[in-house]
Amino acid sequence: MNIRTSQLNEINVPALQGYIEDITKTPNNAMIDYKVNLEWMGGTKSKVTTKGIKMGEERLERNFSFIVDEPEQLLGEDSQPTPQEYLLGGMGSCMMVGYSVGASVMGIELEKLEIDIEAGLNLRGFLEVDPEAPIGFKNVKYTIRVKGDGTKEQFEQIHEKVINHSPNRANITDAIKVIPELVIEK
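Taking our numbering, I'd label the letters of the sequence shown as residues 1409 to 1594.
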């Protein structure tokens, strides 16, 4: 199979290689900015709407929405996934992209790719019951199951690349600067 002229695992490998060449020559084209808007829907529900992506100088229209809620035990209606479930799903989805693209670039046809993720919170920190309790996840554990025509060494190589280069994994594992701003409307 000629990887430069084929698609594998529904990944357009030639387009990826073309994009890599483009951002090698024009680094600004590699910059991507995301925007979302959250609107309170009452109680613990929020509506999240994507507001577009700026990729280099190109603006990509994005208009997708999803609802976030909490279980009844946390004062919600248990109608949608929680913010933490979306966060973990975002990390897992980002890693899955890394695996499927990595396998495709290496010429590996995948039969199966699954990720299970577990994480725990101590709500005593969030609810200010215990000032010593951590607010964020105490740990995040994930298991990746993959099957395809690659070797053990190839899958280990992809695994290392995903660990070292997944943006959403890095967002969870590394400290990032968050810049808050409060606007009080009258």
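Here a beta-carbon is modelled for each residue, glycine too, at the ideal position from N, C-alpha and C.
Tell me, to the nearest whole angstrom, how far the beta carbon of Tyr1507 is from that of Ile1566; I am working on the premise that it is less than 8 Å. 6 Å
Considering only residues of the same chain and omitting the five flanking positions on each side of Glu1517, which have a CB-CB separation below 7 Å? Result list for Glu1517: Leu1416, Asn1417, Gly1556, Asp1557, in chain order.
Leu1482 and Val1548 closer than 9 Å at C-beta: Cβ atoms of Leu1482 and Val1548: not closer than 9 Å.
Check whether the stretch 1467–1482 and the stretch 1448–1459 are in contact - that is, three or more C-beta pairs closer than 8 Å. Enough Cβ pairs lie closer than 8 Å, so yes.
Cα separation between Gly1484 and Glu1522? 29 Å
What does a CB cutoff of less than 6 Å around Gly1500 pick up in its chain, not counting 5 residues either side in sequence? Ile1523, Ile1525
Quick check on Gly1510: buried or exposed, where buried means 16 or more other Cβ atoms within 10 Å of its Cβ? buried
Is it right to say Phe1563 is buried, meaning 16 or more other beta carbons lie within 10 angstroms of its own, or is it exposed? buried
Bridge-paired residues (DSSP) for Ile1509: Sequence check: residue 1509 is Val here, not Ile. Per DSSP, none; premise fails for Val1509.
Alpha-carbon to alpha-carbon, Glu1493 and Leu1529: 12 Å
Please state whether DSSP places Ala1423 in a helix, a strand or coil. The three-state secondary structure of Ala1423, taken from DSSP, is helix.
Using beta-carbon positions only, say whether Ser1574 and Met1503 come within less than 9 Å of one another. yes
From the DSSP secondary-structure annotation, give me the bridge partner or partners of Glu1522. Arg1553
Taking only the alpha-carbon atoms, compute the straight-line gap between Lys1443 and Tyr1427 and give it to the nearest angstrom. 22 Å
Assuming contact is defined by CB atoms lying nearer than 9 Å, are Gly1451 and Asp1477 in contact in what I supplied? yes
Using DSSP's beta-bridge definition, name the partner residues of Tyr1494. According to DSSP, Tyr1494 bridges with nothing at all.
As assigned by DSSP and simplified to three states, the class of Gln1562: helix
Go ahead and label Ser1414 buried or exposed: buried means 16 or more other beta carbons lie within 10 angstroms of its beta carbon, across all protein chains shown. Here Ser1414 is exposed: its Cβ has fewer than 16 other Cβ atoms, across all protein chains shown, within 10 Å.
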